[in-house]
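Chains as they are written, first to last, in full-length UniProt numbering: chain A, 1 to 354; chain B, 1 to 354.
Ideal placement from N, C-alpha and C gives every residue a C-beta, glycine not left out.
Bear in mind the structure is a predicted one, so any value in this text is a computation, not a measurement.
Below is one structure, written out as structure tokens, with a few remarks after it.
2 protein chains.
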Amino acid sequence: MERKQGEQSIQFDQAPFIVSHASVVGKKEGEGPLGNAFDLVNPDDLFGKSTWEEAESAMQKEACLLALQKGKTEPEEVRFLFGGDLLRQGIATSMGVEPFRIPLFGLYGACSTSGEALALGAMTVAGGYADYTLAVTSSHFGSAEKEFRFPLGYANQRPLSAQWTVTGSGAFLLGRGGSSEGGSGIESVLESGKEKSHVRIRGVTIGKIVDYGLKDSQNMGACMAPAAADTIHRALTDFQMTPDSFDKIITGDLGYIGSEILLDILEKNEIVLQKKHLDCGKLIFDQETQDTHAGGSGCGCAATTLSAYILPRLWKGEWKRVLFVPTGALMSTVSFNEGKSVPGIAHAILLEHC
Amino acid sequence: MERKQGEQSIQFDQAPFIVSHASVVGKKEGEGPLGNAFDLVNPDDLFGKSTWEEAESAMQKEACLLALQKGKTEPEEVRFLFGGDLLRQGIATSMGVEPFRIPLFGLYGACSTSGEALALGAMTVAGGYADYTLAVTSSHFGSAEKEFRFPLGYANQRPLSAQWTVTGSGAFLLGRGGSSEGGSGIESVLESGKEKSHVRIRGVTIGKIVDYGLKDSQNMGACMAPAAADTIHRALTDFQMTPDSFDKIITGDLGYIGSEILLDILEKNEIVLQKKHLDCGKLIFDQETQDTHAGGSGCGCAATTLSAYILPRLWKGEWKRVLFVPTGALMSTVSFNEGKSVPGIAHAILLEHC
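Structure (structure tokens):
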């Protein structure tokens, strides 16, 4: 028995708005091609704290605060928060969002978590359960190296297939939309003087775990590419669209190696993505000058690039429709050391200018 | 600005059914007071695998399989799976549920994850996004000791306030209900000869992080009790009910110490729970004979007790209404070693016989 068309995707009748959003990054990201587009660049990668974990928590808190301020919304107006990170037991989120006192759903989907948070946040708003939800994810180069590889002081060498974990956090305030049947649907958003949003989440495609049996944790792009291909294929089928239906199809953090594999796999399925494809892991760092090898990665990579680069173009109408596909490598140091493979997962978020 | 009444809770008009459920446990749990009630007791705590992590994954897979079989439902009919565990990066879930090829939302809420999974699974069904969702969580004594304390071979001593992580997994198949306005609402469930369910999820209360500043990771009951008190207080307020509205109010894994603290905190808020309160961590082991100190704990504790002990009583109508409150301690070995406190979180699931 096969999964029926549409079974992995949801198309919202009452498509939620992205009311506001914010990005917070570290020094290296601030020096990259998107440097000027981030809301906050902190030259101190410790963000004034004493550990990488606290620094990452501080980024999540700051990103949420900025998104709330930009959306002129108080934490008390946000009914649920969906958040996650890469650290064991999601401690960056637990420590970062506690001060807001917002009912919390903790998530884990590796670097695909921003997609998971946006999907659940949108489903919750569109389902009528909340006027506002907040989706936040983060990663930090220091905490991620310590968690998955070696403490920075060890100064280990990185293979060229390795990606550079982005120090950054992106937060997205989602709000209730109106009818898709011609109505502008901005009534509720415009209440109490809030600015009208120009981006909606029209639908979501939830990914399955895809495991090609790869075991190289230093080549995560290759591990995640099959999952991205599966989810993109599925989204196009479910939404009855082609690559030409989109201005861009943007994966989370496949980087240079994973992106090539993605295009190859899709081409074998007669989907030609070349002209439409971008990858946040390729956008966020300059490969020539920043020594980041195969590109950026991490829960913060797709989230900050979405906020700083993708959403402004959708907001202005420069792009009308984008498929945003954060990608995750499902591994831990334990599973890796026990010789297990690194399966991938990817979720797709269908974003539209309005 | 304070959170308004009802803002943490959702009451479903179309309350989803618990179509079927299953519990899988290890040897020690099988020797406990609920031993005969579990669906599967495996005398081999490695479940035929070579690592604790693989064993835990095998339990999740087995629990899902059993729940699907009992519900006469194929994996392809399940639109989304909500799952989590206690291990870093949720590897027990990632490795365990992969074979089902069900679109996955990975969750982390420490031992409260079964509540988080049931809440999101129910919201997804009641919101019309799915006919069936699957909620699964697990924990394993061997993998948890290794993750949070010491490998078993080290044979460390445990203080009397420590709890014993349950080796077990519980899976719950949720299905679409009908109208709450007098209708039986069983039409969709009865399709294709499936058995009528007699338990519905009438509502959920999503918890906030509650941090009393406790730092003793070997006394998690005390860390979680304030969160449980907060969520129970909130659920009673939001649903406009009193302890007398329930046959039982059952916390996840506060154990002996945490349960006392819970009752004390609630009594100070003029909520007297004594006659109504049970705790899965106290139910699952025999304190006299099983040397489990302050009781059971873990993502599998509340889940297996719900499946083996609570749901059968609701199904038969022996109990009409239960508030099920899984409790979680939000910590990692990193946060603990860095001297951070152990905040708690708890979610409430309002279960009714029908």
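Output the distance between the C-alpha atoms of residue i and residue j, rounded to the nearest integer angstrom.
{"i": "ALA302 (chain B)", "j": "GLY84 (chain B)", "result": "13 Å"}
{"i": "PHE292 (chain A)", "j": "PHE285 (chain A)", "result": "Residue 292 (chain A) is actually Thr in this sequence, not Phe. Spanning the two alpha carbons is a distance of roughly 7 Å."}
{"i": "GLN287 (chain A)", "j": "GLN163 (chain A)", "result": "11 Å"}
{"i": "SER20 (chain A)", "j": "ASN36 (chain A)", "result": "18 Å"}
{"i": "ARG88 (chain A)", "j": "LEU311 (chain A)", "result": "30 Å"}
{"i": "ASP39 (chain B)", "j": "PRO159 (chain A)", "result": "48 Å"}
{"i": "CYS64 (chain B)", "j": "ALA329 (chain A)", "result": "23 Å"}
{"i": "ALA308 (chain B)", "j": "SER138 (chain B)", "result": "14 Å"}
{"i": "residue 396 (chain B)", "j": "HIS347 (chain B)", "result": "The requested residue 396 (chain B) is not part of the displayed model; chain B covers only 1 to 354."}
{"i": "GLY96 (chain B)", "j": "GLU56 (chain B)", "result": "8 Å"}
{"i": "GLU181 (chain B)", "j": "GLN14 (chain B)", "result": "Caution applies to GLU181 (chain B), whose pLDDT of 38 falls short of 50 and renders its modelled position unreliable; the value that the coordinates give is listed next. Going by the C-alpha atoms only, they are around 9 Å apart."}
{"i": "HIS353 (chain B)", "j": "LYS27 (chain B)", "result": "31 Å"}
{"i": "ALA117 (chain B)", "j": "PHE82 (chain B)", "result": "5 Å"}
{"i": "ILE345 (chain A)", "j": "ILE249 (chain B)", "result": "37 Å"}
{"i": "GLY296 (chain B)", "j": "PHE172 (chain B)", "result": "21 Å"}
{"i": "ILE265 (chain B)", "j": "THR251 (chain B)", "result": "14 Å"}
{"i": "GLY170 (chain B)", "j": "VAL24 (chain B)", "result": "7 Å"}
{"i": "VAL322 (chain A)", "j": "LYS340 (chain B)", "result": "41 Å"}
{"i": "PRO99 (chain A)", "j": "PRO343 (chain B)", "result": "12 Å"}
{"i": "PHE80 (chain B)", "j": "LEU68 (chain A)", "result": "30 Å"}
Contact criterion: CB-CB distance below 8 Å. Does residue i meet it with respect to chain B?
{"i": "VAL166 (chain A)", "result": "no"}
{"i": "GLY207 (chain A)", "result": "yes"}
{"i": "PRO33 (chain A)", "result": "no"}
{"i": "LYS215 (chain A)", "result": "no"}
{"i": "MET95 (chain A)", "result": "yes"}
{"i": "PHE172 (chain A)", "result": "no"}
{"i": "ASP211 (chain A)", "result": "yes"}
{"i": "LYS194 (chain A)", "result": "no"}
{"i": "VAL136 (chain A)", "result": "no"}
Determine the burial state of residue i: buried for a count of at least 16 other Cβ atoms within 10 Å of its Cβ, exposed for fewer.
{"i": "GLN240 (chain B)", "result": "exposed"}
{"i": "SER94 (chain A)", "result": "buried"}
{"i": "GLY90 (chain B)", "result": "buried"}
{"i": "ALA135 (chain B)", "result": "buried"}
{"i": "GLU145 (chain B)", "result": "buried"}
{"i": "ALA155 (chain B)", "result": "exposed"}
{"i": "PHE150 (chain B)", "result": "exposed"}
{"i": "THR305 (chain B)", "result": "buried"}
{"i": "GLN8 (chain B)", "result": "buried"}
{"i": "SER50 (chain A)", "result": "exposed"}
{"i": "PRO43 (chain B)", "result": "exposed"}
{"i": "VAL334 (chain A)", "result": "buried"}
{"i": "THR242 (chain B)", "result": "exposed"}
Grouping DSSP H, G and I as helix and E and B as strand, with all else coil, what is residue i?
{"i": "GLU288 (chain A)", "result": "coil"}
{"i": "THR242 (chain A)", "result": "coil"}
{"i": "ARG101 (chain A)", "result": "coil"}
{"i": "SER9 (chain A)", "result": "strand"}
{"i": "HIS277 (chain B)", "result": "strand"}
{"i": "ARG79 (chain B)", "result": "coil"}
{"i": "GLU352 (chain A)", "result": "strand"}
{"i": "HIS198 (chain B)", "result": "coil"}
{"i": "GLY300 (chain A)", "result": "helix"}
{"i": "GLY84 (chain A)", "result": "strand"}
{"i": "VAL189 (chain B)", "result": "The pLDDT assigned to VAL189 (chain B) is 49, lower than 50, so where the model puts this residue is not dependable, and the model offers no usable value."}
{"i": "LEU40 (chain B)", "result": "strand"}
{"i": "GLY258 (chain A)", "result": "helix"}
{"i": "HIS233 (chain A)", "result": "helix"}
Say whether chain A places a C-beta atom closer than 8 Å to the C-beta of residue i.
{"i": "PRO16 (chain B)", "result": "no"}
{"i": "TYR108 (chain B)", "result": "yes"}
{"i": "PRO103 (chain B)", "result": "yes"}
{"i": "ARG88 (chain B)", "result": "yes"}
{"i": "ARG3 (chain B)", "result": "yes"}
{"i": "ASP238 (chain B)", "result": "no"}
{"i": "LEU323 (chain B)", "result": "no"}
{"i": "PRO343 (chain B)", "result": "yes"}
{"i": "residue 356 (chain B)", "result": "No answer is possible for residue 356 (chain B): the residues shown for chain B start at 1 and end at 354."}
{"i": "ILE265 (chain B)", "result": "no"}
{"i": "MET59 (chain B)", "result": "no"}
{"i": "GLU76 (chain B)", "result": "yes"}
{"i": "ILE10 (chain B)", "result": "yes"}
{"i": "ASN340 (chain B)", "result": "Strictly speaking, residue 340 (chain B) in this sequence is Lys, with Asn absent from that position. Chain A contact via Cβ: present."}
Quick one: does residue i have its CB under 8 Å from some CB of chain C?
{"i": "TYR129 (chain B)", "result": "The structure shown has no chain C; the protein chains it does contain are A and B."}
Where in the segment 104-185 of chain A do unbroken runs of the alpha helix (DSSP H), each at least 4 residues long, occur, reported from the N-terminal end onward? 113-126, 141-148
For a minimum of 3 consecutive residues, which ranges assigned as the beta strand (DSSP E) are wholly contained in the segment 312-347 of chain B? 321-325, 327-329, 344-346
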